[in-house]
Amino acid sequence: MNIRRFNSWRMVACTVFGVMSCQQEEIPLPDYSPCSARYTNHPQHQQYSQLLHTYQEQTAAPGSIVGVKQIGQAPWVGAAGYSNLAHQSAMDACTPFRIGSVTKLFTATVVLKLAEAGLLGLDDKITTHLPGLRGQLPRADEITIRQLLNHTSGLGHPTDDDMNYQLGLINNPGYFADLTTRQRLQQFIYGKPLKHPPGSSTYYSNAGYWVLEWMVEAATDKPFAENLQEQVFVPLGLVDTYLARRADPNVARGYNRSGNRIYDVTRWDAADGDGDPAAGIISTAADLLTFGQALFDGRLLSAPSLEAMTTIAEAPGCDDCGYGLGIELWKVGPFSGYGMNGSSLGVDANLIYFPDRQMAVVLFSNYGGGNRKDVIEDLLHVTD
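Residue numbers (my numbering): 1 to 384.
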């Protein structure tokens, strides 16, 4: 388990907080209707609530959300703290938030469904579907779709390893917010050497998912967001989940700290991620719980596809690291699960499914860089 990726651009951003904070930003007032009351009749409400509030007292995050869904039981979602410090708006069970790299689970699901339909194959070379990548990506004729999904393609990850990307994002978030994934590939990936030969190791890469978006669109002749709607969101009734760049005042603000001061860093998170097939979905805890359960109970993928998704390509020299297809192996105390973490400058989102417990867990904090996860084990023990 990768606990959990720290974006190196967080350190870059921290060095310029003092300058950037002088730029005034109008922060909108949320207007959603609170929904926490609907969960108070859950049989474990008191136990889960106590764990949530203990966690919130010990975290640096302004606010947190916890969600739990076990097969045969109703979901439980709770929230504590604040979603928007400028307006002192309380975090609520139905507060939407940026899920970061948990988005990769959704993207991988779409790709696997297309493979089931025969529109592409996991071991197809990427140039079979996107011949224009020849001459743009080194060894493009060797890279497979599977390798894009499990981070063994060798492509880079500009958010972490490209200083020009990091500084550009911090200094000009408006420009980055307008870049398409193809433009990001062209500016920051084309012509760059691979981190390793395809299939020989692992290197975490959002860029691989930028290529996957393009491939899905080529295979279906539909925008990627439309594929998500048709294949995942609509069938599961995920009415509060979307992939788009939009000014949504209800989305939890993201925060980080420099010295003793806490800063709203939402504009950077939005510029880096919104609309991105690797990290750009906005969702709620309830919707993520629904998706997590559906992914593992056969409503979305066949058994062979789920097996392919959960087959881990291990990172060399690390017994507890590696990636499946858009997914990671999680070990939490005595429990093992599969899921994904999404960590950015102002966000830490997690969706994990534990097969032995038949339970999906969501943990979100609006403070970036990797937060404590021990509350997850405590939640799992509630059912003992």
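Glycine residues also receive a C-beta, built at the ideal position from the N, C-alpha and C atoms. Keep in mind it's a predicted model, so treat the numbers as computed, not measured.
Pairwise C-alpha distance: residue j and residue i
i: glycine 271; j: tyrosine 165; result: Residue identity differs from the one stated: residue 271 is alanine in this sequence, not glycine. Taking the straight line joining both Cα atoms gives about 12 Å.
i: phenylalanine 224; j: tryptophan 214; result: 8 Å
i: glycine 154; j: tyrosine 353; result: 28 Å
i: leucine 130; j: isoleucine 143; result: 11 Å
i: alanine 60; j: tyrosine 263; result: 12 Å
i: alanine 278; j: threonine 103; result: 6 Å
i: alanine 80; j: glycine 254; result: 15 Å
i: isoleucine 99; j: asparagine 366; result: 10 Å
i: phenylalanine 106; j: glycine 280; result: 11 Å
i: glycine 168; j: isoleucine 376; result: 36 Å
i: arginine 139; j: serine 33; result: 51 Å
i: tyrosine 48; j: serine 36; result: 13 Å
i: leucine 306; j: aspartate 374; result: 27 Å
i: serine 258; j: proline 62; result: 15 Å
i: tyrosine 204; j: tyrosine 39; result: 37 Å
i: arginine 134; j: alanine 207; result: 16 Å
i: phenylalanine 335; j: aspartate 356; result: 8 Å
i: serine 83; j: glycine 275; result: 21 Å
i: glycine 298; j: aspartate 221; result: 27 Å
i: leucine 238; j: alanine 308; result: 25 Å
i: histidine 196; j: arginine 267; result: 33 Å
i: valine 382; j: threonine 54; result: 15 Å
i: alanine 247; j: valine 347; result: 17 Å
i: serine 21; j: arginine 261; result: Low confidence applies to serine 21: its pLDDT is 45, below 50, so where it sits in the model is not reliable, and the reading given next is rough at best. Rounded to whole angstroms, serine 21 to arginine 261 spans 11 Å at the Cα level.
i: isoleucine 312; j: tryptophan 330; result: 11 Å
i: glycine 292; j: glutamine 46; result: 24 Å
i: alanine 349; j: leucine 380; result: 18 Å
Pair within 7 Å by beta-carbon distance, residue i and residue j
i: threonine 358; j: glutamine 70; result: Checking the displayed sequence, the identity of residue 358 turns out to be glutamine instead of threonine. Yes.
i: leucine 288; j: leucine 228; result: no
i: leucine 52; j: leucine 148; result: no
i: valine 332; j: isoleucine 282; result: no
i: serine 89; j: proline 30; result: yes
i: threonine 202; j: histidine 157; result: no
i: asparagine 256; j: leucine 119; result: no
i: alanine 108; j: leucine 325; result: yes
i: aspartate 124; j: isoleucine 145; result: yes
i: glycine 67; j: alanine 285; result: yes
i: proline 173; j: proline 28; result: no
i: serine 343; j: glycine 322; result: no
i: serine 64; j: glutamine 56; result: yes
i: tryptophan 210; j: leucine 185; result: yes
i: glutamate 25; j: serine 302; result: no
i: threonine 127; j: aspartate 141; result: yes
Minimum C-alpha distance to residue i - residue among the options
i: alanine 93; options: Thr107, Lys104 and Trp76; result: Trp76
i: aspartate 269; options: Phe188, Val216 and Thr159; result: Thr159
i: arginine 182; options: Leu112, Gly199 and Glu217; result: Glu217
i: aspartate 378; options: Gln50, Arg38, Thr109 and Asn41; result: Gln50
i: leucine 236; options: Gln73, Leu300 and Thr266; result: Leu300
i: lysine 113; options: Val232, Lys373, Gly275 and Arg246; result: Val232
i: threonine 95; options: Trp330, Val111 and Gly78; result: Gly78
i: threonine 290; options: Ile126, Ala74 and His42; result: Ala74
i: asparagine 171; options: Lys195, Thr127, Val265 and Glu230; result: Val265
i: tyrosine 175; options: Ala315, Ala303, Gly273 and Gly368; result: Gly273
i: glycine 72; options: Thr54, Met91, His42 and Glu26; result: His42
i: alanine 294; options: Trp330, Val234, Ala315 and Ala313; result: Val234
i: alanine 219; options: Thr310, Met91, Gly199 and Val110; result: Val110
Boundaries of the beta strand (DSSP E) in which residue i is found, first to last residue
i: valine 332; result: 328 to 332
i: valine 265; result: Looking at the DSSP string, valine 265 is not in any beta strand (DSSP E), and its letter there is neither H nor E.
i: methionine 340; result: 335 to 343
i: threonine 364; result: Correcting the residue identity first, residue 364 is phenylalanine in this sequence and not threonine. Looking at the DSSP string, the run of the beta strand (DSSP E) that includes phenylalanine 364 is 359 to 365.
i: arginine 257; result: 255 to 258
Extent of the continuous alpha helix (DSSP H) run through residue i
i: valine 211; result: 206 to 220
i: glutamine 73; result: Counting along the chain, glutamine 73 falls outside any alpha helix (DSSP H), and DSSP gives it neither H nor E.
i: methionine 91; result: That residue, methionine 91, is in no alpha helix (DSSP H); it is neither H nor E in DSSP.
i: aspartate 348; result: Counting along the chain, aspartate 348 falls outside any alpha helix (DSSP H), though it belongs to the beta strand (DSSP E) covering 348 to 354.
i: tyrosine 203; result: Element bounds for tyrosine 203: n/a, residue is neither H nor E.
i: isoleucine 281; result: Per DSSP, isoleucine 281 belongs to no alpha helix (DSSP H); it is in the beta strand (DSSP E), 281 to 283.
i: histidine 196; result: Neither: histidine 196 is in no alpha helix (DSSP H) and is coded neither H nor E.
i: glutamine 46; result: 45 to 58
i: valine 375; result: 374 to 381
i: arginine 139; result: Unbroken run through arginine 139: none, as it is neither H nor E.
i: phenylalanine 188; result: 181 to 188
i: glutamine 166; result: 163 to 171
Chain B within 7 Å of residue i, Cβ atoms only
i: glutamate 328; result: Among the chains in the structure shown there is no chain B, since it carries only a single protein chain.
Residue i: CB within 6 Å of a non-hydrogen atom of the ligand ADP
i: glutamine 231; result: With respect to the ligand ADP, the structure offers nothing, as it holds no ligand at all.
> Does the region 327 to 347 come within contact of the region 357 to 373, defined as at least 3 CB pairs closer than 8 Å?
Replying inline: yes
> For the 8 Å Cβ check, are there 3 or more pairs between the region 185 to 197 and the region 232 to 245?
Replying inline: no
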